[in-house]
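Taking it in order: structure first as structure tokens, then the write-up.
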Amino acid sequence: MTTRSRRAQRARGVGLQVAVVLAVLLAWKVGTERADSLFFPPPNKVLSEVWNGWILDWSTSWNDNLEPSLTRLLTGFVLAAVFAVALGVAIGRSRTLGDYVAPIIHFVRSIPPPALLPLLLVLLGIGDDMKVVLIAVGVFPPILLNTADGVRSIDPLYLDTAAVYRIPRLRRLTRVILPAAAPEIFAGLRISLSIAVILMVISELIAATNGVGFRILQAQRQFKMVDLWAGLVVLGAMGAALNAVLALIERRVLRWRRT
Amino acid sequence: MTAAVRSRRVPAKWVRGAIGVVVLFLVLEAVTRAELVTPDYLPPASSILRETFDLLTDPSFLGDVWVTLQACLIGLAIAAVVAVPLGLMLGLTDTAYRATVVVIEFLRPIPSVALIPLAILIYGRGTEMKVSLVVFACVWPLLFNTIYGIHSVDPVAADTARVFGLGRWQIGGRVYLRSASPFIFTGLKIATSIAVILAVSAELLAGGSEGIGIVMLENASVGNQRTVYAVTVVTGLIGVVLVGMLGLVERRLFAWTSAERSLA
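One line per chain: the protein sequences are E and G, in this order.
Be aware that the first sequence starts at -16, since it is given in our numbering, and climbs by one per residue.
Be aware that the second sequence starts at 336, since it is given in our numbering, and climbs by one per residue.
Shown next as structure tokens:
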């Protein structure tokens, strides 16, 4: 196939995507106007609220909503990631240790994190500590399990080679084990990131005075349906942006891989 | 003979796992008995365990568990009915897949719990509201695993079926759907744990009259920490049992595939 026809094909693909997006928006608009339901505002109103309420008033929405939410999310996420990767490497290196803790991990993993909310509220109060801990606890298991999997499946040849060359333990960890397990670790981080967003929203819906979730809750309490939908759109964009950033980091870190 | 020997010896893995659980329990018991943390906040581990057994034999609590599970199961069923045919369609026709991928990629990152306030306004606080949330959250893993499964079907199998004169629908059902079914099942497993999360969160946020989350809220509001811990343990057990059952079904149904199937 020539490059030109391939390019034409790609252009057709993009055109089709744009057409479908427009069609969905149009269907949304026609449908909501036809139904004239209080709960389903037309898209142009929602998008103009995103523009006027969030983007034009950026300093307020950043300081009161986005910044607090992102701080909680990233603090919990990074905290959990550091400990989960450390423990995951230990479990992946020692099958015996893995055997000892496996049932506990599987049990903790199957508790839905929101079910911890009532307890965390009592133990830590309604402040940021509670929210950060909730996020950290929720994202811990996927990162841990993926790291352990990744470390366990490292080609023994690498480790033997490192041993033969008497590479010190710390260097072996940073130069052999972690890079070799990095693809699996990143898979765990990707799953965890979406869980982190979910838990951030939940914790802000329960008890908060700022954050994106709080703004959505306020809109609900005042029956401002357009604001509520705008908040959802912003959250969707935020989730997509976080995913994109993580994908970028992943591509950088894993640049050395051939595939 | 070897089989007999193997079956008599308990695997070291299980022994170690049991030791791990017992040690954790003893540590918790020691910490709570020593009252390092106020017992109001962290009651002794053994009393939580006893409370858990009491709950599991309490018919009214089991009724609450059933209410939550019902919402999960109805939601999962609807999600499967929506997602699997859609996934089949999108997996089989490249044009449809490429055309809709933008819309899907935008809808997917919307955290499903953020829809709870909206769902409360639209559906009230009952089962309908929970089901709608479970459906929205569970469609994604099912849809993506179906598409992924279809894409990984060996084209030779489909071509062979075509050569043997099977029609479009027959190839779709007997070749594609069947080859993709292990992947779809993996999606179902992921969706199941998500369903429990959504149902419990919806109850915690919306309140209501029945459900696991409601029992938690009620006990937390009167400071009955022991029961709150016990309910938390029970929700963990529910997850273990559900995923364990699905694992058994999977091993029976899909014994013919040995491939490792996990979707990151």
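Note that the Cβ used here is the ideal one computed from N, Cα and C, for glycine as well.
Chain E within 9 angstroms of residue i, Cβ atoms only
i, result
"G:Glu440", "yes"
"G:Asn480", "no"
"G:Ser395", "no"
"G:Gly355", "yes"
"G:Ile547", "yes"
"G:Leu363", "no"
"G:Ala338", "Bear in mind that a pLDDT of 48 at G:Ala338, under 50, signals an unreliable position, so the number given afterwards is only what the model happens to contain. Not closer than 9 angstroms to any Cβ of chain E, the Cβ of G:Ala338 fails to qualify, so no."
"G:Gly352", "yes"
"G:Ala434", "yes"
"G:Pro447", "The question names Pro, yet the displayed sequence has Ser at residue 447 of chain G. At least one chain E Cβ lies under 9 angstroms of G:Ser447."
"G:Leu539", "yes"
"G:Ala406", "no"
Where the alpha helix (DSSP H) containing residue i begins and where it ends
i, result
"G:Ala365", "Ala347 to Arg368"
"E:Phe252", "Outside the shown range of chain E, which is -16 to 242, sits residue 252 of chain E, and nothing can be said about it."
"E:Lys207", "Neither: E:Lys207 is in no alpha helix (DSSP H) and is coded neither H nor E."
"G:Trp475", "Thr462 to His486"
"E:Trp41", "Trp41 to Ser44"
"G:Leu390", "Ala380 to Leu391"
"G:Trp401", "Pro394 to Leu427"
"G:Asn554", "Ile547 to Ser556"
"E:Asp143", "Pro139 to Val147"
Below-9 angstroms beta-carbon distance, residue i vs any chain G residue
i, result
"E:Ala223", "yes"
"E:Val180", "yes"
"E:Ala2", "yes"
"E:Gly196", "yes"
"E:Ala(-6)", "no"
"E:Ala230", "no"
"E:Gly108", "no"
"E:Gln205", "no"
Proximity to residue i [Cα-Cα], best of the options
i, options, result
"E:Phe206", "G:Ala454, G:Phe396 and G:Ala347", "G:Ala454"
"G:Arg509", "G:Val488, G:Thr521 and G:Asp389", "G:Val488"
"G:Asn402", "G:Asn554, G:Val357 and G:Ser544", "Contrary to the premise, residue 402 of chain G reads as Val rather than Asn in this sequence. Comparing Cα positions, the closest option is G:Ser544."
"E:Phe123", "E:Val105, E:Leu140 and E:Ile178", "E:Ile178"
"G:Ala365", "G:Ile354, G:Ser381 and G:Gly355", "G:Ser381"
"G:Val419", "G:Pro476, G:Pro374 and G:Glu585", "G:Pro476"
"G:Ile519", "G:Thr481, G:Leu359 and G:Ala565", "G:Thr481"
"E:Gly71", "E:Ala223, E:Ile232, E:Ser186 and E:Ala165", "E:Ala165"
"E:Ala230", "E:Ala(-9), E:Ala191, E:Leu176 and E:Leu215", "E:Leu176"
"E:Tyr83", "G:Ala565, G:Pro346, G:Glu386 and G:Thr387", "G:Pro346"
Per-residue contacts from residue i into chain E (C-beta, under 8 angstroms)
i, result
"G:Thr562", "Correct list: empty, because the minimum Cβ distance to chain E is about 10 angstroms."
"G:Lys348", "Asp82 and Ala85"
Proximal chain E residues relative to residue i, where beta-carbon distance stays under 7 angstroms
i, result
"G:Leu604", "Residue 604 of chain G falls outside the range modelled here, since chain G spans only 336 to 599, and no answer is possible."
"G:Tyr483", "Ordered by position in chain E, no residue passes the 7 angstroms Cβ test against G:Tyr483, which lies about 14 angstroms from the chain."
"G:Ile451", "Leu188"
Contact list for residue i against chain G, beta-carbon separation under 7 angstroms
i, result
"E:Phe90", "Gly571 and Val575"
"E:Pro24", "Residues of chain G passing the Cβ test: none, with the nearest at roughly 11 angstroms."
"E:Ile199", "Ala449 and Pro452"
Proximal residues of chain G, C-beta to C-beta of residue i below 8 angstroms
i, result
"E:Pro95", "Ser528, Val531, Ile532, Val535, Ser536, Thr570 and Gly574"
"E:Gly219", "Phe441, Leu442, Pro444 and Ile445"
"E:Ser177", "Pro444 and Pro446"
Sufficient close CB pairs (3 or more, under 8 angstroms) joining the region 205 to 219 of chain E to the region 32 to 51 of chain E
yes
Under 8 angstroms, with one C-beta from each stretch per pair, do the region 564 to 573 of chain G and the region 490 to 508 of chain G reach the 3-pair mark?
no
Segment contact, 8 angstroms Cβ cut-off, at least three pairs: the region 125 to 139 of chain E with the region 192 to 205 of chain E
Too few Cβ pairs lie closer than 8 angstroms, so no.
At least 3 beta-carbon pairs within less than 8 angstroms: the region 540 to 555 of chain G vs the region 421 to 439 of chain G
These segments do not touch.
Are the region 526 to 539 of chain G and the region 89 to 101 of chain E touching, with three or more C-beta to C-beta distances below 8 angstroms?
yes
Would you check if there are 3 or more beta carbon pairs closer than 8 angstroms linking the region 109 to 128 of chain E to the region 57 to 66 of chain E?
yes
Contact the region 150 to 167 of chain E vs the region 39 to 47 of chain E: 3+ CB pairs below 8 angstroms:
With the cut-off at 8 angstroms, the region 150 to 167 of chain E and the region 39 to 47 of chain E do not touch.
Would you call the region 216 to 228 of chain E in contact with the region 455 to 468 of chain G, where contact means no fewer than 3 C-beta pairs closer than 8 angstroms?
No, they do not touch.
Three-pair Cβ contact test at 8 angstroms for the region 358 to 378 of chain G versus the region 425 to 445 of chain G:
no
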